[in-house]
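*Asks:* Take this structure, written in structure tokens, and hold onto it; I'll ask about it next.
Numbering (this note's numbering), first residue to last: 116 to 331.
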């Protein structure tokens with residue numbers, strides 16, 4: 116395990132503020148951190164740079180940097196909480212009733228064939244809460260907050276799980292929904308699959324460099 120240098124520590128501090136960044140931003144951040152301490156920077160050294168950080172973080176057992184794919188198909192890097200794999204890791208920021216709503220949204224998204232749920236359907240979940248009741252306007256505010264906090268993604272009223280949510284909640288989702296769809300290439304959760312692809316078309320797409328670049 117390589118020891119972290121000052122550039123690694125500064126890089127990690129930035130990720131604590133913005134825990135999910137697209138690959139170009141991460142590369143630029145690495146370059147800036149290296150230059151800040153006059154350390155040697157190599158353009159293609161991001162993988163080793165991140166591995167050095169993870170090599171120091173993983174033994175501690177609470178966070179690590181993981182790669183994922185955004186809703187637009189671009190590669191992202193996220194600082195993920197690994198100390199707790201349950202939704203309770205959000206308990207310090209949300210009330211018990213709000214967490215219940217979030218779990219209901221998560222379930223609706225996971226079991227749907229599109230990997231998303233309409234915002235109208237989310238608002239109607241207020242009638243199904245077993246604990247302290249939440250009004251529809253309160254659910255609307257909560258939904259906006261979950262999007263702002265990076266747990267959900269809103270695409271013109273279609274609500275899906277964000278990249279951060281998929282990375283942090285993957286153990287929870289796999290445990291509670293063992294039949295969840297997974298990418299047969301990288302084995303990660305794939306909720307928004309290309310249902311219109313026949314096996315033949317899918318194989319053709321796999322060998323299309325544009326498709327591979329955008330989606331894998």
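Even glycine gets a Cβ: it sits at the ideal position worked out from N, Cα and C.
#1: Sort 120, 279, 270 and 217 by Cα distance to residue 249 and report the nearest one.
#2: For residue 165 versus residue 178, is the C-beta distance shorter than 8 angstroms?
#3: Please list, in chain order, all residues of the same chain as residue 169 whose beta carbon is under 8 angstroms from its beta carbon, the five residues on each side excluded.
#4: Per DSSP, residue 193 forms a beta bridge with which residues?
#5: Nearest-angstrom Cα distance between residue 222 and residue 193?
#6: Locate the alpha helix (DSSP H) running through residue 252, then write down its first and last residues.
#7: For a test of the three-state rule: what should DSSP assign to residue 268, helix, strand or coil?
#8: Between residue 288 and residue 225, which are expected to be in contact by the criterion C-beta below 8 angstroms, what is the C-beta distance as a whole number of angstroms?
#9: Thinking C-alpha only, which one of 220, 251 and 167 is nearest residue 280?
#10: How many Å lie between residue 266 and residue 211 at the Cα?
#11: If contacts are defined as beta-carbon pairs under 8 angstroms, then residue 157 and residue 122 qualify, I think. What distance do you get, rounded to the angstrom?
#12: Using the beta-carbon count (16 or more within 10 Å), is residue 152 buried or exposed?
#13: Is the separation between the beta-carbon of residue 306 and that of residue 275 shorter than 8 angstroms?
#14: Going straight from the alpha carbon of residue 126 to that of residue 286, what length do you get?
*Replies:* Judging by the given coordinates:
#1: Reading the chain shown from its first residue, position 134 is the one you call residue 249. For the set 120, 279, 270 and 217, the Cα lying nearest the Cα of residue 249 is the one of 217.
#2: For the purposes of this step, residue 165 is taken as residue 50 along the chain shown, with counting starting at 1. For the purposes of this step, residue 178 is taken as residue 63 along the chain shown, with counting starting at 1. No, the pair does not count as a contact, with Cβ atoms beyond the cut-off.
#3: As a first step, residue 169 must be located in the chain shown, where it is residue number 54. Around residue 169: 179 and 180.
#4: In the chain shown, counting from the first residue as 1, residue 193 sits at position 78. Per DSSP, 135 and 181.
#5: Reading the chain shown from its first residue, position 107 is the one you call residue 222. Reading the chain shown from its first residue, position 78 is the one you call residue 193. One C-alpha to the other measures close to 23 angstroms.
#6: Within the chain shown, numbered from 1, the residue matching residue 252 stands at position 137. If you look at residue 252, you'll find it in the alpha helix (DSSP H) that goes 251 to 263.
#7: Position 153 of the chain shown holds residue 268. Reduced to three states, the DSSP call for residue 268 is strand.
#8: In the chain shown, residue 288 corresponds to position 173, counting from 1. In the chain shown, residue 225 corresponds to position 110, counting from 1. That belief holds up - the Cβ atoms of residue 288 and residue 225 are roughly 6 angstroms apart, short of 8 angstroms.
#9: Here residue 280 refers to the residue found at position 165 of the chain shown. Distances from the CA of residue 280 to each of 220, 251 and 167 were compared; the closest alpha carbon is that of 220.
#10: Along the chain shown, one-based indexing puts residue 266 at 151. Along the chain shown, one-based indexing puts residue 211 at 96. Going from the Cα of residue 266 to the Cα of residue 211 covers about 16 angstroms.
#11: Stepping through the chain shown from its first residue, residue 157 is reached at position 42. Stepping through the chain shown from its first residue, residue 122 is reached at position 7. About 12 angstroms separates the beta carbons of residue 157 and residue 122, which is beyond the 8 angstroms limit, so they are not a contact pair.
#12: The residue you call residue 152 lines up with position 37 of the chain shown. Counting of Cβ neighbours within 10 angstroms places residue 152 among the exposed residues, the total staying below 16.
#13: Here residue 306 refers to the residue found at position 191 of the chain shown. Here residue 275 refers to the residue found at position 160 of the chain shown. Cβ distance < 8 angstroms, so residue 306 and residue 275 count as in contact.
#14: Within the chain shown, residue 126 is the residue found at index 11, counting from 1. Within the chain shown, residue 286 is the residue found at index 171, counting from 1. Each residue's alpha carbon lies about 26 angstroms from the other.
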